[in-house]
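2 protein chains.
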Amino acid sequence: MVMKRVVIVGMGFGGLSAAKELAGRGLEVVMVDRHNYHLFQPLLYQVATAGLEQESIAYPVRALARRWQGAAFRMGEVIGVDLAGRHLILADGEFSYDYLILAAGSRTNFFGMEGIERHAFDLKRLSHAEEMRNHILTLFEKAGREPDPARRGALVTFVVVGGGPTGVEFAGALRELVVHVLSRDYPEVRTAETRIILLEAASSLLTAMPDELRAYALRKLRAMGVEVKLETRVIDARDGHVFLHGGEVIESHTLFWSAGVAAAELADRLGVPQAGGGRVTVRAALSLDGHPEAFVIGDMAHLVQDGAVLPMMAPVATQQGRHAARAILALERGEQPPPFRYHDKGAMATIGRSAAVAVSHGFRFRGYLAWLVWLLLHLYYLIGFRNRLLVLMNWAYYYFSHERQVRLITGETDRRI
Amino acid sequence: MVMKRVVIVGMGFGGLSAAKELAGRGLEVVMVDRHNYHLFQPLLYQVATAGLEQESIAYPVRALARRWQGAAFRMGEVIGVDLAGRHLILADGEFSYDYLILAAGSRTNFFGMEGIERHAFDLKRLSHAEEMRNHILTLFEKAGREPDPARRGALVTFVVVGGGPTGVEFAGALRELVVHVLSRDYPEVRTAETRIILLEAASSLLTAMPDELRAYALRKLRAMGVEVKLETRVIDARDGHVFLHGGEVIESHTLFWSAGVAAAELADRLGVPQAGGGRVTVRAALSLDGHPEAFVIGDMAHLVQDGAVLPMMAPVATQQGRHAARAILALERGEQPPPFRYHDKGAMATIGRSAAVAVSHGFRFRGYLAWLVWLLLHLYYLIGFRNRLLVLMNWAYYYFSHERQVRLITGETDRRI
Numbered sequence: 077m078v079m080k081r082v083v084i085v086g087m088g089f090g091g092l093s094a095a096k097e098l099a100g101r102g103l104e105v106v107m108v109d110r111h112n113y114h115l116f117q118p119l120l121y122q123v124a125t126a127g128l129e130q131e132s133i134a135y136p137v138r139a140l141a142r143r144w145q146g147a148a149f150r151m152g153e154v155i156g157v158d159l160a161g162r163h164l165i166l167a168d169g170e171f172s173y174d175y176l177i178l179a180a181g182s183r184t185n186f187f188g189m190e191g192i193e194r195h196a197f198d199l200k201r202l203s204h205a206e207e208m209r210n211h212i213l214t215l216f217e218k219a220g221r222e223p224d225p226a227r228r229g230a231l232v233t234f235v236v237v238g239g240g241p242t243g244v245e246f247a248g249a250l251r252e253l254v255v256h257v258l259s260r261d262y263p264e265v266r267t268a269e270t271r272i273i274l275l276e277a278a279s280s281l282l283t284a285m286p287d288e289l290r291a292y293a294l295r296k297l298r299a300m301g302v303e304v305k306l307e308t309r310v311i312d313a314r315d316g317h318v319f320l321h322g323g324e325v326i327e328s329h330t331l332f333w334s335a336g337v338a339a340a341e342l343a344d345r346l347g348v349p350q351a352g353g354g355r356v357t358v359r360a361a362l363s364l365d366g367h368p369e370a371f372v373i374g375d376m377a378h379l380v381q382d383g384a385v386l387p388m389m390a391p392v393a394t395q396q397g398r399h400a401a402r403a404i405l406a407l408e409r410g411e412q413p414p415p416f417r418y419h420d421k422g423a424m425a426t427i428g429r430s431a432a433v434a435v436s437h438g439f440r441f442r443g444y445l446a447w448l449v450w451l452l453l454h455l456y457y458l459i460g461f462r463n464r465l466l467v468l469m470n471w472a473y474y475y476f477s478h479e480r481q482v483r484l485i486t487g488e489t490d491r492r493i
Numbered sequence: 077m078v079m080k081r082v083v084i085v086g087m088g089f090g091g092l093s094a095a096k097e098l099a100g101r102g103l104e105v106v107m108v109d110r111h112n113y114h115l116f117q118p119l120l121y122q123v124a125t126a127g128l129e130q131e132s133i134a135y136p137v138r139a140l141a142r143r144w145q146g147a148a149f150r151m152g153e154v155i156g157v158d159l160a161g162r163h164l165i166l167a168d169g170e171f172s173y174d175y176l177i178l179a180a181g182s183r184t185n186f187f188g189m190e191g192i193e194r195h196a197f198d199l200k201r202l203s204h205a206e207e208m209r210n211h212i213l214t215l216f217e218k219a220g221r222e223p224d225p226a227r228r229g230a231l232v233t234f235v236v237v238g239g240g241p242t243g244v245e246f247a248g249a250l251r252e253l254v255v256h257v258l259s260r261d262y263p264e265v266r267t268a269e270t271r272i273i274l275l276e277a278a279s280s281l282l283t284a285m286p287d288e289l290r291a292y293a294l295r296k297l298r299a300m301g302v303e304v305k306l307e308t309r310v311i312d313a314r315d316g317h318v319f320l321h322g323g324e325v326i327e328s329h330t331l332f333w334s335a336g337v338a339a340a341e342l343a344d345r346l347g348v349p350q351a352g353g354g355r356v357t358v359r360a361a362l363s364l365d366g367h368p369e370a371f372v373i374g375d376m377a378h379l380v381q382d383g384a385v386l387p388m389m390a391p392v393a394t395q396q397g398r399h400a401a402r403a404i405l406a407l408e409r410g411e412q413p414p415p416f417r418y419h420d421k422g423a424m425a426t427i428g429r430s431a432a433v434a435v436s437h438g439f440r441f442r443g444y445l446a447w448l449v450w451l452l453l454h455l456y457y458l459i460g461f462r463n464r465l466l467v468l469m470n471w472a473y474y475y476f477s478h479e480r481q482v483r484l485i486t487g488e489t490d491r492r493i
């Protein structure tokens with residue numbers, strides 16, 4: 077008897093949790109990703125700010141595949157799906173499936189602003205974080221030998237757009253890097269000359285959080301020296317200038333964009349109905365209308381629960397991955413898969429050393445306790461014993477020595493404004 | 077009173093040891109390098125074979141500069157020296173010096189074979205090691221989906237040229253990666269299909285070693301499954317073929333070149349006499365003829381001792397760096413610097429897990445003991461507590477689990493034949 081084949085596209089949190097659930101259940105599980113590793117995206121900003129080496133937040137998929145019975149890995153770029161013929165089309169090949177789980181995640185949404193898209197940094201891939209780190213350090217090297225104060229100031233002015241968790245975490249970590257590490261590395265540059273400007277279009281940061289935690293985050297960031305501007309939008313960036321709606325211009329060579337996400341491009345190629353951000357509308361069991369064998373999960377999927385669209389977050393993807401896997405096992409038993417229901421365990425964001433905000437089951441945490449919980453949870457969800465040890469070591473090292481080791485310029489980038 | 081300025085070009089073993097010796101002696105010490113880190117080159121081959129993350133063998137120079145009194149760092153590409161005017165010329169600036177130490181190291185020597193230079197991998201920079209690792213893993217991904225046995229075999233055939241320590245260490249580490257790690261990661265590729273071919277033009281490997289250790293290394297490598305061909309030269313590489321002198325052709329997409337080194341290009345731009353490999357002829361105190369204030373050390377310098385040219389090795393560079401620094405301090409005291417004398421403490425090469433060869437003060441070691449000594453010495457000379465811990469952790473992890481974590485494909489390369 078030939079085993080039925082489940083193909084999972086995307087080895088993020090959603091795809092991985094689906095694969096884990098399906099392994100060893102008598103099905104052939106083919107995991108597909110354009111990279112050969114699972115990336116722990118929540119810590120990318122720490123790679124970008126010289127706190128972690130890139131290798132510690134990536135885990136080779138084949139190391140999982142060899143442990144999971146019936147699982148195999150295929151590296152490749154998926155360019156389309158023949159839903160009717162049950163065929164997955166890759167840039168360099170194609171193969172058939174009996175069940176499909178699409179978990180290709182999201183991409184950054186620049187809302188059509190080409191100037192910004194060309195120059196802005198974002199944090200979606202491992203290479204982005206390394207590029208960002210190289211860029212920051214290169215600017216400090218340049219500032220160190222720039223005699224003109226105005227030009228020097230522009231070199232060490234960093235504009236962060238988007239006051240969600242990524243923008244807040246990145247701005248805080250960057251400020252700490254500048255104040256505690258680079259200020260000692262570059263005696264030629266005064267800390268007072270450096271600027272980290274966090275821009276948010278809404279009237280508060282971390283809009284998904286309760287009021288008091290938003291206020292805490294704002295207060296804390298400002299106390300650290302991050303300039304937070306609310307109700308402020310960027311409209312363009314070129315030739316060393318960031319242009320704000322309203323006419324203000326900031327002299328800077330760095331724009332970090334975390335103000336929007338959209339479903340991965342693959343969503344546009346399926347020929348199925350899409351909702352806001354290009355996300356694919358799925359049925360209650362996470363499958364496509366008319367295709368009970370094809371599931372879309374995580375950031376790619378649009379699903380409304382209790383009147384609100386489920387957010388693009390790792391816990392949603394993880395739970396949906398598990399659900400899609402169980403739905404397939406149910407179909408194999410001849411049963412009808414149940415509807416998906418997201419169990420909200422909370423949300424958190426870290427602002428700096430010993431400072432974070434967290435909300436869970438109605439409880440609100442902030443400061444040291446929230447930071448400790450953030451730390452432990454991130455360690456827990458990181459895959460691989462060695463990676464956990466590496467990250468823990470780096471964190472402990474930084475906590476006690478205020479030193480970040482990975483301040484290496486390993487390449488060049490052309491994203492500079 | 078204005079402090080006199082010592083400029084040191086190159087932050088390898090030589091430059092670093094000179095800077096360390098000169099720090100806190102009442103001189104301004106300017107350290108110059110094109111990269112912002114010191115690179116521990118002897119372990120590059122372990123980065124290339126997925127055993128270590130690149131960050132663990134690099135150390136930011138500014139982390140040293142901030143500890144060393146009077147020391148500063150300037151990142152930049154040195155394009156020339158005005159010896160008469162005592163000026164160093166960088167791609168983006170220039171400045172004067174009172175004393176100069178040139179320690180720019182070496183580059184790979186392809187002996188004018190352009191086809192090979194265009195396609196071959198070498199290990200001189202951090203990026204080379206990452207490129208090599210990405211390339212090896214990408215070929216295995218391709219082999220895994222290649223149905224044609226001949227084409228699959230060519231994809232996993234690796235040609236290593238040069239039987240010196242680098243070639244031997246790389247070939248051994250690559251073979252271990254293939255046999256212990258990739259064989260389990262890629263069930264689609266049989267280990268018997270993979271080939272690692274080590275080519276050496278001379279009649280033995282490790283020509284600087286005593287006969288019995290050469291024989292041991294050869295025996296050991298062959299027992300591990302490395303195909304060693306002695307008295308064999310490569311003449312060209314193109315279109316998936318490596319051409320050997322004598323007509324033999326090997327189907328392969330990977331040529332690793334460690335068959336020759338020459339002094340860094342900077343040596344050609346000084347307008348001073350050069351010897352074999354472009355190395356700069358120096359006087360007994362390591363200074364240039366007619367320029368007692370300008371020193372050339374390490375791989376860049378040509379010096380004969382007891383009838384033989386000093387080899388391009390880290391210990392020579394380290395000792396010469398210290399000597400040049402002391403010579404400058406002597407000149408400052410109005411004394412004549414003494415001639416340099418190299419104290420040979422031995423040489424070593426590791427072949428595989430628990431297998432190495434070493435010679436020191438007339439004693440010869442091989443096998444487990446030599447390997448342990450190799451390991452401890454490399455840890456000892458690695459800079460930075462965190463780096464030592466990281467490397468030790470990776471080695472222990474590999475030793476006990478036979479698992480190499482850093483098998484990540486983080487980018488693409490165009491060096492493929």
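Protein sequence lines correspond, in order, to chains A and B.
So in the numbering used here, the last spot in the first sequence is 493, and the numbers never skip.
So in the numbering used here, the last spot in the second sequence is 493, and the numbers never skip.
C-beta atoms are modelled at their ideal positions from N, C-alpha and C, and glycine is treated no differently.
Could you spell out the range, first to last residue, of the beta strand (DSSP E) harbouring B:Asp-312?
-> Counting along the chain, the beta strand (DSSP E) containing B:Asp-312 begins and ends at 310-314.
Inter-residue CB distance, A:Ser-93 and A:Arg-398 (contact presumed, cutoff 8 Å) | Contact holds; Cβ gap of about 5 Å.
Tell me, please, which residues DSSP counts as bridged to A:Gly-61.
-> The question about residue 61 of chain A has no answer, for chain A in this structure spans 77 to 493.
Neighbourhood of B:Pro-136 by C-beta, 7 Å cutoff - its chain only, sequence neighbours within 5 removed | Only Asn-112, Tyr-113 meet the Cβ criterion.
Under the rule that 16 or more other beta-carbon atoms within 10 Å means buried, what is B:Lys-421, buried or exposed?
-> That one is exposed.
Could you list which residues in chain B have their beta carbon closer than 9 Å to that of A:Pro-413, in chain order?
-> Result: empty, since nearest Cβ-Cβ is about 32 Å, beyond 9 Å.
Give the interface partners of A:Met-469 over in chain B, defined as CB-CB distance under 9 Å, in chain order.
-> In chain order: Arg-462, Leu-465, Leu-466, Met-469.
Partners in chain B for A:Val-232, counting only beta-carbon separations shorter than 8 Å | Neighbours of A:Val-232 on chain B: none; closest Cβ ~15 Å, over 8 Å.
For B:Ala-249, does the count of other Cβ atoms within 10 angstroms reach 16, so buried, or fall short, so exposed?
-> Burial check for B:Ala-249: the Cβ neighbour count within 10 Å reaches 16 or more, so the residue is buried.
Counting pairs of Cβ atoms below 8 Å between the segment 231-244 of chain A and the segment 306-324 of chain A, do you hit three or more?
-> They touch, by the three-pair rule.
Option nearest B:Leu-199 by Cα separation, candidates B:Gln-122, B:Asp-261, B:Ala-299 | The shortest Cα separation from B:Leu-199 among B:Gln-122, B:Asp-261, B:Ala-299 belongs to B:Gln-122.
With distances taken between CB atoms, is the gap from B:Gly-127 to B:Arg-480 smaller than 8 Å?
-> For B:Gly-127 and B:Arg-480, yes; Cβs fall inside 8 Å.
Under 6 Å Cβ to Cβ from A:Phe-216, same chain only, skipping five residues before and after it: list those, please.
-> Closer than 6 Å at Cβ, skipping near neighbours: Leu-258, Tyr-262.
Output, in chain order, the set of chain B residues within a Cβ distance shorter than 7 Å of A:Tyr-473.
-> Chain B residues near A:Tyr-473: Arg-462.
Does B:Glu-170 get closer than 8 Å to chain A when you measure Cβ to Cβ?
-> Using beta-carbon distances, B:Glu-170 does not count as an interface residue toward chain A, since no partner is under 8 Å.
Using a C-beta cutoff of 8 Å, does A:Glu-222 count as contacting chain B?
-> At a cut-off of 8 Å, the C-beta of A:Glu-222 has no neighbouring C-beta in chain B.
The segment 398-409 of chain A touching the segment 361-375 of chain A, judged by at least three CB pairs closer than 8 Å | Yes, the segment 398-409 of chain A touches the segment 361-375 of chain A.
Quick one: residues in its chain with C-beta nearer than 6 Å to the C-beta of A:Glu-97, no 5 flanking neighbours on either side, listed in chain order?
-> Taken in chain order, the residues that qualify are Arg-398, Ala-401.
Check the C-beta distance from B:Gly-90 over to B:Gln-350 and give it rounded, since I have them as a contact under 8 Å.
-> A Cβ-Cβ separation of about 18 Å leaves B:Gly-90 out of contact with B:Gln-350 under the 8 Å criterion.
Cβ-based neighbour list, A:Met-285, same chain, cut-off 8 Å, excluding 5 preceding and 5 following | Excluding sequence positions up to five before and after A:Met-285, its CB lies within less than 8 Å of the CB of Ala-293, Ala-423, Ala-425, Val-433, Val-435, all in the same chain and listed in chain order.
Give me the Cβ distance between B:Glu-303 and B:Ala-230, rounded to the nearest whole Å; I'm assuming they're in contact under 8 Å.
-> Actually they are not in contact, since the Cβ atoms of B:Glu-303 and B:Ala-230 sit about 15 Å apart, beyond 8 Å.
Are the C-beta atoms of B:Thr-394 and some chain A residue less than 8 Å apart?
-> Taking CB atoms only, B:Thr-394 has no neighbour in chain A less than 8 Å away.
Taking a cut of 9 Å between CB atoms, which residues from the segment 136-164 of chain A lie near chain B?
-> Answer in chain order: Pro-136, Arg-138, Ala-139, Ala-141, Arg-142, Ala-148, Phe-149, Arg-150, Met-151, Gly-152.
Cβ neighbours of A:Phe-186 in the same chain (closer than 8 Å, five flanking residues each side left out) | For A:Phe-186, where only same-chain residues beyond five positions count, the Cβ hits under 8 Å are Ile-192, Glu-193, Ala-196, Trp-333, Gly-336.
is_contact[B:Thr-330, chain C] using C-beta, thresh 8 Å | The displayed structure is made up of protein chains A and B, and chain C is not among them.
Among the residues of its own chain, which have a CB less than 8 Å from the CB of B:Arg-228, if the five just before and after it don't count?
-> Cβ within range, chain order: Ala-219, Glu-222, Val-265, Glu-269.
Other residues of its chain near A:Arg-110: CB distance less than 6 Å, five sequence neighbours each side excluded = Only Glu-153 meet the Cβ criterion.
Tell me where the beta strand (DSSP E) around A:Gly-301 begins and ends.
-> Annotation for A:Gly-301: no beta strand (DSSP E) segment contains it, and DSSP assigns it neither H nor E.
Would you say A:Ser-203 faces chain B, with C-beta separation under 8 Å as the test?
-> Interface residue, yes.
Which residue comes first and which comes last in the alpha helix (DSSP H) that contains A:Met-469?
-> Start and end: 461-477.
Along the segment 265-290 of chain A, what residues have a CB closer than 7 Å to any CB found in chain B?
-> For the segment 265-290 of chain A, the beta-carbon criterion of a distance under 7 Å to any beta-carbon of chain B is satisfied by none of its residues.
Determine the closest residue to B:Glu-190 out of B:Gly-240, B:Ile-311, B:Gln-117, B:Leu-115, with distance taken between C-alpha atoms.
-> Minimum Cα distance to B:Glu-190 is reached at B:Ile-311.
Go through its chain and collect everything with a Cβ distance to A:Ile-133's Cβ below 6 Å, but skip five positions before and after it.
-> Taken in chain order, the residues that qualify are Phe-116, Leu-119.
CB contact below 8 Å: B:His-419 versus chain A | B:His-419 does not count as touching chain A.
Tell me, please, which residues DSSP counts as bridged to A:Gly-156.
-> Beta-bridge pairing links A:Gly-156 to A:Ile-165.
Taking A:Gly-443 as the reference, give the member of A:Asp-174, A:Lys-296, A:Val-78 with the closest Cα.
-> The option with the nearest alpha carbon to A:Gly-443 is A:Lys-296.
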